[in-house]
Amino acid sequence: MKVMAGKGEVVAQPMKDSSDLYRTDKLGDLRERFQRDGYVYIKKLLPPDRVLQARSITLSSLADLRPDVFAKGVSPLQGTAAEGTSAIGLLGHQQVARSDGVASVLEAPECFRLAAALVGEHETNIVTTSYKWLRAVARGEFTGVHSDRVFLGKGSERLLTLWLPIGDVPVEQGAMMVCRGSHRLRAFAPIHTCYGKSQVGKDGTVSGWFSDDGNDVGTVVANRYAVDWRTTDFEAGDAVALSLDVIHMTAANRTDQIRLSCDTRWQPAQDPRDPCIRDWHSCDSGD
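Each residue of the sequence shown is one higher than the one before, starting from 76 at the first, in the working numbering.
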């Protein structure tokens, strides 16, 4: 399929669904796939009704904070943006992510279990950041090409991201895109030896992007045929896990709907922690 990968159009293949490996406890195979591909996609990791409730809470909170971003005459719970809306700024309102109905999704037991499965630990030995990268993305906006190492690369090598769509997020609304195998294939060495070793300040800012166009990856790698973009039409309850070095981005939102999603970070409790993240906790909040 053709996808607007930021400012350019790329061809992407469907993500491989790893739900069967996860639900049948083939965790060794699941970890092997994660290590090989740099991502795993799990359908319905979370109960869809809980995710849709979190979406309603988030939109209601956003309507109180930024009523101007919603289309007139339409309930904010529809998530329809006013024409010209941009830079909604939900990241700066952590109280929304911490509200009970939202936090219960972003720190669900299912998320702890998946993170534990992917790093080979027990779920009680997993910690997550208190800060959540809860995003509201308007038409034309996207996250550019990057790896998480440039933002959070001073701690555990086993740190991973769970990207959670807060509601249905089809490709045209700005779905996650992953460049399969880009964390380990030799063809991507030119990216990792320069960009991948850089450090930036605030997670998710333009300054930390490799590019705002997914096509640019193919111009830098040693073999452009190694570039294998993957994406899918996400539904409420789905999740995708990303390794620290895998190259990824989001598609551009080409709709009038506000795309809601959250990046959540996870790692083993005993591993070193990136100093730019102060607060972490475990599933029992005892960390």
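All C-beta atoms, glycine included, are put in the ideal place defined by N, C-alpha and C.
Nearest to serine 318 by C-alpha distance, out of Arg233, Lys91, Gly103, is Arg233. When secondary structure is reduced to three states using DSSP, histidine 267 falls in the helix class. For the pair of segments examined, the region 241 to 254 was found not to touch the region 186 to 197: the number of CB pairs separated by less than 8 Å stays below three. A check of alpha carbon separations from glutamine 88 across Thr339, Arg210, Arg305, Ile333 identifies Arg305 as the nearest. Take the alpha-carbon of alanine 211 and the one of arginine 348: they are about 27 Å apart. A straight line joining the alpha-carbon of aspartate 243 with that of tyrosine 270 spans about 32 Å. Assignment of cysteine 186 by DSSP, reduced to helix, strand and coil, places it in the helix class. Considering only Ala316, Asp303, Ile163, the residue with the shortest C-alpha distance to glutamine 342 is Ala316. Pairing arginine 108 with leucine 96 gives a Cβ-Cβ distance under 8 Å.
Collapsing the DSSP output to three states places glutamine 110 in a helix. Per DSSP, the continuous alpha helix (DSSP H) segment holding serine 94 begins and ends at 94 to 98.
Pairwise C-beta distances place the region 151 to 166 in contact with the region 128 to 138, as three or more of them are shorter than 8 Å. Residue environment for histidine 323: buried (at least 16 other C-beta atoms within 10 angstroms of its C-beta). Rounded to the nearest whole angstrom, the C-alpha separation of glutamate 216 and alanine 327 is 6 Å. If you keep only unbroken alpha helix (DSSP H) runs of at least 4 residues inside the region 192 to 266, you get 224 to 227.
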